[in-house]
Amino acid sequence: MKKGTWLDQKIVFQKNGTAEKYIYLLAEVEGEVFLTGTSSLRIAGDFLVVSGLIFKNGYSPAGGVIDFKNGSLESNYCRLTNTSIIDYNPSNGMTDYKWISLYGTHNRVDHCYLKGKTNIGTSLVVWLSTKPNYHQIDSNYFGYRPVFPGNGAETIRIGTSDWSLYDSFTTVEYNYFEQCNGEIEIISNKSCGNNFRFNTFGSTVNSVKIG
2 MKKGTWLDQK IVFQKNGTAE KYIYLLAEVE GEVFLTGTSS LRIAGDFLVV SGLIFKNGYS
62 PAGGVIDFKN GSLESNYCRL TNTSIIDYNP SNGMTDYKWI SLYGTHNRVD HCYLKGKTNI
122 GTSLVVWLST KPNYHQIDSN YFGYRPVFPG NGAETIRIGT SDWSLYDSFT TVEYNYFEQC
182 NGEIEIISNK SCGNNFRFNT FGSTVNSVKI G
């Protein structure tokens, strides 16, 4: 994508690459491609990589900001990296939506910067199915989520109560959480077989809930 500001873009990155030949959606200059207004991104297919985008000055009115699916087509072996979501919130704090929703299997979110979520809804959520996910969430910055008056303001959630006995096998590692005080849980683990390691929590008053 050419550098500059893109307003109200509904990007659908849907294609199938291979393990030998990934397909890329890249910023022309990392840190200089701004998606604003009602912009959103859907990643759907296999072996896709997105890098270098910044979402700011707006919010997604339909679905999450970045979903690893489009309609019923989910993502597998896809990667979101070097991408930022900053203060991308609706004016009504009770509007429930997620910033990043992971579907499918073997996807990775790494070296991303998520800061300033103020409305209800998890910052990054992993959605389960009957087969394990094997996602990787690593080397990201999660910051400055103020206290929200109620549940549903976790920074990361893997699964839901209905899926809590299913395996996800998601790895969460080398992330930095700073002032992620949306609710009592910073990370809510509502599935089995996940690995949490080498994460750092700074200036937070909340907890990681295992189980």
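Taking the working numbering, I'd label the letters of the sequence shown as residues 2 to 212.
The beta-carbon is built from N, C-alpha and C at its ideal position, and this holds for glycine as well.
Quantities reported herein were computed from a predicted structural model and do not represent experimental measurements.
- Contact check for Y177 against G203 passes: the beta carbons are separated by less than 8 angstroms.
- In the three-state scheme derived from DSSP, where H, G and I count as helix and E and B as strand, S76 is classed as strand.
- Here W7 carries a strand assignment [DSSP, helix/strand/coil].
- Comparing C-alpha distances from T37 to each of R198, I86, E179, L129 shows the shortest one belongs to I86.
- The straight-line gap separating the alpha-carbon atoms of V66 and N196 is approximately 26 angstroms.
- Exclusion of the five residues before and after G105 leaves F69, K70, E75, S76, N77, C79, N134 as the residues of its chain whose Cβ lies within less than 8 angstroms of its Cβ.
- Collapsing the DSSP output to three states places S162 in a helix.
- F143 is the residue among V173, L166, D9, F143 whose C-alpha sits nearest the C-alpha of T205.
- In the structure shown, V66 adopts coil according to DSSP, grouped into three states.
- In this structure, the beta-carbon distance from F14 to L54 does not fall below 8 angstroms.
- C181 sits in a strand when the DSSP states are folded into three classes.
- Looking at V127, E155, T201, R146, the one whose alpha-carbon comes closest to that of C193 is V127.
- Going by C-alpha positions, P91 is about 19 angstroms away from N182.
- At least 8 angstroms separates the beta-carbon of E21 from that of S52.
- Rounded to whole angstroms, L26 and P147 show a C-alpha spacing of 32 angstroms.
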